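Okay, structure first, notes after.
So, in C-alpha cells, the structure goes:
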C-alpha cells in the first residue's frame, strides 16, 4: 500500500491511492454486474428519484439527479469527502494508474 493520502473512490473518505484504486476496481465490477453498492454508512439510497440521467459522483457511473445529490450529501456528512475532491483523481483511476507523487519540473 502506498503512503500518500487523498480522496477515495466511492465517497469513502480519504486514504491511499492504492486503496482508492482497489475500491474503484471493485466498484466497476459491481456496476458491470448491475449491482452498484454504496457505503453502508450512507444508509439506503432514496426510493423516489427523478428520471434524468447524469454522471454520478465518486465513480458510480450514471443515475438520477436525486441519486447524485444523495451521494454528494452523504459522502460529505459521513466521510467529509466532496465530489470536487474526487474529480481530481478520477482520470488516474479511469486509466488504471496511481497518482504520480514525484516532483514535477515545469518547462516554459
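In UniProt numbering, the protein residues as written are 1 to 108.
Where is the CB? At the ideal position from N, CA and C, for every residue including glycine.
Predicted model only: the values in this text are computed from it and were never measured.
Counted within 10 angstroms of its Cβ, other Cβ atoms place residue i as buried (16 or more) or exposed
| i | result |
| --- | --- |
| residue 48 | exposed |
| residue 3 | exposed |
| residue 57 | buried |
| residue 53 | exposed |
| residue 94 | exposed |
| residue 8 | buried |
| residue 15 | buried |
| residue 29 | exposed |
When the options are compared against residue i, the one with the closest alpha-carbon
| i | options | result |
| --- | --- | --- |
| residue 13 | 83, 60 and 67 | 83 |
| residue 27 | 88, 6, 5 and 62 | 62 |
| residue 65 | 22, 50, 59 and 79 | 50 |
| residue 79 | 60, 39 and 23 | 39 |
| residue 31 | 90, 85, 60 and 89 | 60 |
Nearest-angstrom Cβ-Cβ length linking residue i and residue j, presumed shorter than 8 Å
| i | j | result |
| --- | --- | --- |
| residue 6 | residue 17 | 6 Å |
| residue 87 | residue 11 | Their Cβ separation, rounded to whole angstroms, is 12 Å, which puts residue 87 and residue 11 out of contact at 8 Å. |
task: Could you tell me whether the region 25–43 touches the region 66–80, where touching means 3 or more Cβ pairs closer than 8 Å?
output: Short answer: they touch.
task: Tell me, please, whether the region 64–71 touches the region 26–37 by the rule of three or more beta-carbon pairs shorter than 8 Å.
output: Cβ pair count under 8 Å is below three, so no.
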